[in-house]
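> Supplied in structure tokens, the structure appears directly below.
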Amino acid sequence: VLLASDLHQEISKLGNEKAVRRFHRDGTAFSNSNLEERALHVEGLEERLVKAAASESWDQVCSLIREAAAALAAPRQKAALNDAAVPMPDDAQERLQANLQGRLRKLICKGLGYLDLSDAGTASQLELALAVMKLLIERFKVCGQLEAARAAKQWLRRQGFLTAEATTQAEADLESCRSDGAQITEGKSFLTGEDRGSSKFGVYSPNVKVKSNPLVRNTGQNVILNCNKCGLELRSSWVFEHRGKVSTLVPLHGHATLGAKYVHSDAKISVKLDNPSNLTTCTHGGLERQCVKCGGSQICAHKKRITRCATCRAERRQARSFVSQHIARSMCLVHYCDKHAHKQLARVSTIWLDMPLEKRWRPVVAPPSNGEATLEDWKTHPRLQKHLRRFLDSPDPGRVLSRYSAQAQTLNPEKLLRIAVHVGAWVALLPLEQAAASPSGEEEDASQPSPVQLLGEILRLRGRAKISDWLQGVLHLVALHLQDVRRVAQGQAAKPWMELRRSMPKAIWRELRTQRPAIPTCGESKVPCWHKTVEEQQEPADQVRFLKRKPPPEQIEPAGARAALGAESDMLQQSGGLASDAFLALDLHQEISKLGEEKAVRRFYRDGVAFSNSNLEERALRVDSLDESLVKALASESWDQVCSLIREAAAALAAPRQKTALNAAAAPMPDEAQERLQANLQGRLRKLICKALGYLDVSDAGTASQLEPALSVMKLLIERFKIRGQLEEARAAKQWLRLQGLLKDEATTQAEGKLESCRSEGEKYLSGEDRGSSKGGVYIPNVKIRSNPLVRNTGQDVILTCNKCGLELRSSWVFEHRGKVATLVPTQGHPTCGGKYLHIDAKIHVTLDIASCLNMCIHGSLARQCVKCGGSQVCVHKKRISRCPPCLTERRARSDAKRKRT
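First residue of the sequence shown: 12, per the working numbering; consecutive thereafter.
Printed below as a string of structure tokens:
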């Protein structure tokens, strides 16, 4: 119909030429496309309308109505279809079945229901579409009543939207607005004529609102800008100057034909979009809408920017999710002809936001309480299957994972364990590849983690929270899934699974090793006991004191595997095995137990056992991780991290072996031993230890204390080998000799002497009540901090909260300097989960109890950074070492020289 010349001439009189051409082009494109293309176009319009209504983008709604009206066909008589003498063509039958015109009419009615047509601005945007639909209805009325048309209800409903009173009132308001030259109509900016900005003839001129900005001026010198897609030139002499920075103004819509932006070829010349809200500054020097003191439009109730407020962002995400899921259900309750339908939908989402967080969680359903519940009962449980279906049916799984990852950082332990059950169900029931794959397709994308990575993150945030019965059963399924991974996944594909395995609670693995036929459920012990072997029953008391975590019982293995392991163990007995295997020998363990603190020895032993109990792929991944971590630690000069990596590598280190022992082996090597030999993991560990020790000063007392018991264990391995022969006869003799040089007796003896003298004189070693503590949830600093004249006890406890697990800590100690008071918190934070103690009120400042950061000199600055006092961080050039270019260059040269020597 739109292609008829008479109708086209009538339409051309209804609006400006540009709008008519666009409307005619949209209609022609729809009529020239085939059925599949038309169906795709209509589906796209419907999806965009849902999104635009949810985000309240009413300009986008008007644009969609114009596109749908351009593709709209005229109403048809019912009798024309019933009295057809010839059969309908196949194409017409398919179009009738697809019902595209009915969907277009429904879309237009739905879109008009959101809008207020009495508003002048809205009527002007829909002017051409409304006039065309009125013309189609009036033309049909010439032939008969509208009730006799096909889909009469939709056409009558649309006629109700386009009544003469509403359109006449809108046109009158629009004409009066244009004739009077008003600038604002009902709060909306409406510019016409010369007041509007333009880019005609390649010269840019902003609108009158931007020109009236006191920070905007015309320099008179044109700057040539280019479109970043087609290269079209645009000249602009208008600039925005603020705080000494000058930016050339460019149109906000850019090059509208291609949807591109105007940029300058010289990166030093900055450009700025002519958006009035981005150019309006307040008296405090910032954007007016973002100023907290002025109470801008983008400031929330928490006195923060809405885009940076974690609470507001979480509520907005929940609101968007709620609206998108329930928009169809909500619109069924609202008449489309009601022009305030969008307000009712917004009211529904507001009620959801006003609901307390505690009421948004459904009550917990009891897990299977039958003691005879089998593995299949848990896998087919309706609740777990429901969580899996909801995840698979979600339109954007990546968005779901991102939302869970963000919520995990703020939830309390109880809610954290509940979402851990959801994610654990996905990991346990999804295929291996899908569970470990990131929705974004990028392995290192932290914003959209895979279900496996998300579960590991949640379990690490759990801390010491007690595992619920639901989570216990789900993690049992995940542990069984991890056993399949060891047989299937290899290389980088196994890396996220290995990270998850380290995050799993130890109790789950202990239960799995009991080989019980059923998963433990409510009321059963979560830490089962296994039968002890004779050797474990005869274990001496002093060994049990250091081995709180006993190694698991031996699993039943086939005879072939047992024989291969027996042959391999015989070879290792001849030439020396892993350091963790040596720890299991009673005499060596007793010697190591005397070398350091009980906690450090247990940690060292645990690392060694974990390495020895892992397979070849897991060991290779662990060594790769140590190499990467060492490179990062050296680059950031994190020497504490370097010491930690040396301890981990030393725990996995094997004793030196004789060259002749390998050559004279009578039995052939097992395949697994040959693979380990080819991987050369022990050589890489020795190289890593030598490289790291080259950066450290082992003679320093503090460094030596951090490296214990690693230094003593490596010395003990070398001394034990020397009983059988010279170190030059060992395999990889160069590495062992080099390691021996780094661990020579003089250096270690000197370090131990300094450490003992330091402890005996009480210089830097605090013990007993002198040490700080956080016992019972009450913080007390150490005696050195308490002796600081700027530190005092107010007697009034301030409640602090861990930013990861929510644990509370009370502190009444403050540090006051220059009129500013800050509450003292422990430097190590909450060691269990690795979080920091913060206050919910941002106005209450906290400071770490680092003695060097609290020691002020008479000049009012930190004593270590004061140039006049000659602090420890002031160089010979009378500058801070961290800001002195010559000193930084010298330190960089020393670091490079050490790296070349290694």
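Heads up, the beta-carbon is just placed ideally off N, CA and C, and yes, glycines get one too.
Should I362 be labelled buried (16 or more other beta-carbon atoms within 10 Å of its own) or exposed?
Because I362 carries a pLDDT of 42, less than 50, the predicted location of this residue cannot be relied on, and no value is offered for it.
> Where A109 and L46 are concerned, what is the direct C-alpha to C-alpha distance, given to the nearest angstrom?
9 angstroms
> Are there 16 or more other CB atoms within 10 angstroms of the CB of C241, so buried, or fewer, so exposed?
Exposed, because fewer than 16 other Cβ atoms sit within 10 Å of the Cβ of C241.
> Do L754 and L722 count as a contact pair if the criterion is CB distance below 8 angstroms?
Note that the C-beta distance between L722 and L754 is below 8 angstroms.
> Just to confirm before moving on: does the CB-CB distance between A661 and V724 stay below 8 angstroms?
For the 8 angstroms CB-CB criterion, A661 and V724 form a contact.
> Does the Cβ of R668 have 16 or more other Cβ atoms within 10 Å, making it buried, or fewer, making it exposed?
buried
> Taking just the CA atoms, how far does R633 sit from T318?
39 angstroms
> With a CB to CB cut of under 8 angstroms and the five nearest residues on each side skipped, what residues in its chain are close to C895?
Taken in chain order, the residues that qualify are C886, H888.
> Would you give the residue range spanned by the alpha helix (DSSP H) that K220 belongs to?
219-222
> CB-CB under 7 angstroms to T843, same chain, minus the five flanking residues each way: which ones, in chain order?
Same-chain partners within the cutoff: G474, R475.
> What is the rounded straight-line gap between the Cα of V438 and the Cα of G409?
15 angstroms
> Comparing alpha-carbon positions, which option in G270, E629, P225 lies nearest H253?
Closest option to H253, Cα to Cα, is P225.
> Opposite N804 in the DSSP bridges: which residues?
W824
> Just to confirm, are R731 and A666 a CB contact at a threshold of 8 angstroms?
Yes; because the gap between Cβ atoms is below 8 angstroms, this pair is in contact.
> What does the alpha-carbon distance come out to for the pair E326 and S66?
E326 and S66 have their C-alpha atoms roughly 14 angstroms apart.
> Which of helix, strand or coil does DSSP assign to S906?
helix
> Would you say L493 and R512 are within 8 angstroms of each other, going by their C-beta atoms?
Against a cut-off of 8 angstroms, the Cβ pair of R512 and L493 comes out as a contact.
> Of all the options G231, V214, G208, which has the alpha carbon lying nearest to the alpha carbon of K220?
G208
> If you reduce the DSSP assignment to three classes, tell me which class E901 lands in.
E901: helix per DSSP, three-state reduction.
> Inspect the beta-carbon positions of L641 and E659 and report whether they are closer than 8 angstroms.
Contact annotation: L641 and E659 have beta-carbon atoms that are not nearer than 8 angstroms.
> Measuring alpha carbon to alpha carbon, tell me which residue in E827, W747, V802, P837 is nearest V789.
Among E827, W747, V802, P837, the Cα nearest to that of V789 is on P837.
> Just how far apart, CA to CA, sit G2 and E628?
Missing from the structure shown is residue 2; the chain here goes from 12 to 913 and no further.
> Taking Cβ to Cβ, would you say L873 is nearer than 8 angstroms to T858?
no
> What is the DSSP secondary structure of L128, reduced to helix, strand or coil?
coil
> Helix, strand or coil for E28, going by three-state DSSP, please let me know.
helix
> Leaving out five residues before and five after Q884 in sequence, what residues of the same chain have Cβ atoms less than 6 angstroms from its Cβ?
R875, Q876, R891, I892
> Check whether the Cβ atoms of Y848 and C880 lie closer than 8 angstroms to each other.
No, these two residues do not count as a Cβ contact at 8 angstroms.
> What did DSSP end up calling V303 once you bin it into helix, strand or coil?
coil
> In angstroms, rounded to a whole number, what distance separates the CA positions of D37 and L284?
D37 and L284: Cα-Cα distance of roughly 30 angstroms.
> Taking the alpha helix (DSSP H) that H398 belongs to, which residues open and close that run?
393-404
> What is the DSSP secondary structure of H888, reduced to helix, strand or coil?
In this structure, DSSP gives H888 a state outside helix and strand, which the three-state scheme calls coil.
> Of the residues K256, T230, K272, V257, which one's Cα is nearest the Cα of N239?
K272
> Looking at V214: is its Cβ nearer than 8 angstroms to the Cβ of H275?
No, the pair does not count as a contact, with Cβ atoms beyond the cut-off.
> Measuring CB to CB, does L399 end up less than 8 angstroms from L440?
yes
> Over what stretch of residues does the alpha helix (DSSP H) that includes A271 continue unbroken?
Segment: none, A271 is in no alpha helix (DSSP H) and carries neither H nor E.
> Candidates F41, G171, E48: which alpha carbon is nearest A82's?
F41
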